[in-house]
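Chains as they are written, first to last, in UniProt numbering: chain A, 1 to 348; chain B, 1 to 528. By construction, the Cβ of each residue, glycine as well, lies at the ideal position given by its N, Cα and C atoms.
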């Protein structure tokens, strides 16, 4: 309830513009509601919590959401073709394990680990595409299946243990390698004060937006999501494009895995588990952020920032970490109400 | 029974409250509309429409696309609440806030899209009894015996005589015409006051349509009022008692039998136009063979067929539903490749395995169902037009949106598409204009062979003429054009050469005077 005074000025400031027709107010709410809520919450936390105002906190928030956001971009691509990729969290987790194994056990440099992780992500994407495009398994079920297989595969790869530098191997020797400095700097390093993971997040968001909204390939992906048969009859090789979406989703998820591995600094076998729901939530929140009712890149990025602002803010406010899921879930439900109830009424 | 009807001069239903038994002989109209209006977003769609439909009469409703026919039907079937004016049912003021309310008042609608009226996965019997199953207060436990018994009762209203074996089948296994009969039987079993038939023959063959007409005659005899919406003038001529014409949301004509068609068509269209009988073609014979088929069976188990499509002419294929018409169109385009036989395009072997192959060789298809197979919903007109040839509008993958908009404007101007501008969402356009968009998209790169499957379905006469002219201009420019339709007159209107297809085989292939209407119809009917 303390929220009311601090948000009152922006509300009245926004109203006169849309005062005329109630419909226009609703349309404005649908289009800018989420951005407004994000800004309002940000203002509220900034005003009430001095630590929140700190630019380091803001960058930390962005760093925190970058993994879920990048995974969400992949989910957005698959949503665009009318599909869904449930396996992104598992792919990120697989990335952590592959990175650890490559560097710690096989004693390779960071660049090799990066390539191995991305190759693994692309491979999972291809398997998903094989199941969905060629074998016609429904997308949600197919990727749920690969999710389980990857979780298991990941454990087999490391005999069920987390890999950490200096660990003792089965033959009694010590693991030869370690996480290289370069690799660790993915999450810990900065460029002009901005964490590299945030730079990657921003860069991939921009690239994904250009790809989906400005290129013919992105256009075709959306066409497939709206009417696949009409798209096929317009001369598009629909299967190839759906494959592309799942492979890109796998690659993006593996980039999320790289950041996660760099953040953890060891091959934690449980890494990535919590990212799945966050990534899906972010992409779904994204469909409603700009009131478009369809998957879009800016929406996904903003959705991730919104969730980050809320969790960071509430953490600073002293809410225990275990309440986060409830808050994130509530945001997701609110977003879905925006997408399906308000914007549909608006469209008539 | 309310004696409060405040419109004493409004019509025969006005004396409903007078209470004089002697007047009861003049039965009130089954349904009356009084000054009914409707607007969407400030734009009037229906303006002050008044209409009485008497019990036992068939009133035909004619109108171009966008004239307000669908809105009128939706008001009567309770889909659009919040209209202006009044609706009287049996002389009593009635409210139609929901489809359930319309059902309760005895107004039933059989929609053009038959597939939307049945539930696939349920049996024929369950579909027949469906509305009763959903009724509140019904015993929730199902007995197969009762279900079948009730289904038989319902099918008897139309004398369908389906066996128990048929009743147990999945409804999706029924043909489209049988599904329509099922929906009709279900509607009629409730003894409706008014039955609205929206383009009921659009998916039927001639024989199936004849069966439907017999049913309409019986409804008339049973005292059911029928509102019959159709583009097919011949059907209206033989069935209707009255003809009303809707244009731009107003009722412009109300004609008794015999119908003055010239007047009706003038009322329907903005400018006077000849009824679609004059044949604009000179029976021109085309030049070199562009596309040839050798030994291609169009339907499984039928004889292989040969056909040559020549440049410089419009070849019209007439074929009823199931004649192999759509199979021919989709095979040529690689949408459903032919299994056997040889195809040649300009003397080179041509084996399209997917639409992309056909498009690369310059063979384009305007598919039969524009909603399912052509349009991307939610997209603008310009984007719908540019979809097949996006790569030529792109630089390094980036779509050049200025060029895309220009292509959209060019297409809009070239075909006379009625739209605010190229950025309007395509679903805001009327059916005829949507069809122009679909045709226009394939003209962005000159086709060698353009195949149009049922290009005039659900298209008003103005748009039909524009599309026909464009097809002829394309042929005159040296392309080969193939128009396929179940409507003889549509084909005669546009084609230089007429091919009759029946049961997967070519029954007639004739030019000019040899392709007279009677001969074409004879060729079709000889195979029925």
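Between residue 81 of chain B and residue 87 of chain B, the CB-CB gap reaches or exceeds 9 Å. With 16 or more other Cβ atoms from the protein chains shown falling within 10 Å of its own Cβ, residue 84 of chain A counts as buried. Taking a Cβ-Cβ threshold of 7 Å, the residues of chain B close to residue 216 of chain A are 390, 391, 394, 397, 399, in chain order. Fewer than three pairs of CB atoms, one per stretch, sit closer than 8 Å, so the region 65–75 of chain A makes no contact with the region 321–329 of chain A. At the C-beta level, residue 78 of chain A and residue 245 of chain A come within 9 Å of one another.
Membership of residue 307 of chain A in the alpha helix (DSSP H) is indicated by the continuous run 297–316. Under the three-state reduction of DSSP, residue 423 of chain B is assigned to coil, being neither helix nor strand. The region 217–232 of chain A makes no contact with the region 339–353 of chain B, as fewer than three CB pairs between them are under 8 Å. Of all residues in the region 145–164 of chain B, none comes within less than 9 Å of chain A when Cβ atoms are compared.
Residues of chain B whose Cβ lies closer than 8 Å to the Cβ of residue 226 of chain A are, in chain order, 376, 377, 378, 379. Rounded to whole angstroms, residue 453 of chain B and residue 297 of chain B show a C-alpha spacing of 19 Å.
Around the beta carbon of residue 111 of chain A, a 10 Å sphere encloses fewer than 16 other beta carbons of the protein chains shown; the residue is thus reported as exposed. When only Cα atoms are considered, residue 27 of chain B and residue 49 of chain B end up about 22 Å apart.
Apart from sequence neighbours up to five positions away, the residues of its chain that approach residue 308 of chain B with a beta-carbon distance below 7 Å are 289, 292, ordered along the chain. A residue is called buried when at least 16 other Cβ atoms come within 10 angstroms of its Cβ; residue 222 of chain B does not meet this threshold and is exposed. Using beta-carbon distances, residue 273 of chain A does not count as an interface residue toward chain B, since no partner is under 9 Å. Excluding its 5 nearest sequence neighbours in each direction, residue 126 of chain A has C-beta neighbours in its own chain below 8 Å: 243, 246, 247, 250, listed in chain order. Here residue 224 of chain B is buried, its C-beta having at least 16 other C-beta atoms within 10 Å.
With a threshold of 16 other beta carbon atoms within 10 Å, residue 135 of chain B falls short and is exposed. Separation of the CB atoms of residue 365 of chain B and residue 333 of chain B is rounded to 4 Å, and the pair is thereby assigned contact status at 8 Å. Taking a C-beta cut-off of 9 Å against chain A, the contacting residues of the region 343–362 of chain B are 354, 355, 356, 357, 358, 359, 360, listed in chain order. In the three-state scheme derived from DSSP, where H, G and I count as helix and E and B as strand, residue 320 of chain A is classed as coil.
The distance from the Cβ of residue 88 of chain A to that of residue 279 of chain A is about 5 Å, consistent with a contact at the 8 Å cut-off. Residue 234 of chain A belongs to the set of residues whose beta carbon lies under 9 Å from a beta carbon in chain B.
The shortest C-alpha to C-alpha distance from residue 505 of chain B to any of B/496, B/524, B/491 is the one to B/524. Chain B places no beta carbon closer than 9 Å to that of residue 287 of chain A, leaving this residue out of the contacts. The beta carbon of residue 446 of chain B does not come within 9 Å of any beta carbon belonging to chain A, so the residue lies off that interface.
For residue 512 of chain B and residue 285 of chain B, the gap between their C-alpha atoms comes out near 9 Å. The criterion of a C-beta distance shorter than 9 Å is satisfied by residue 131 of chain A and residue 145 of chain A.
When secondary structure is reduced to three states using DSSP, residue 34 of chain B falls in the strand class. Beyond the five residues adjoining it in sequence on each side, residue 422 of chain B comes within less than 7 Å, by CB distance, of 380, 381, 382, 405, 408, 409, 412 in the same chain, given in chain order.
In terms of CA proximity to residue 262 of chain B, B/233 leads the group B/240, B/249, B/251, B/233. In the pairwise beta carbon analysis, the region 347–363 of chain B is classified as not touching the region 187–207 of chain A: fewer than three pairs are separated by under 8 Å.
If only uninterrupted alpha helix (DSSP H) runs of at least 4 residues are considered, those enclosed by the region 53–98 of chain B are 69–76.
Annotated three-state conformation of residue 154 of chain A is helix, per DSSP. Scanning the region 169–211 of chain B from its first residue to its last, the whole beta strand (DSSP E) runs of 3-plus residues come out as 194–198.
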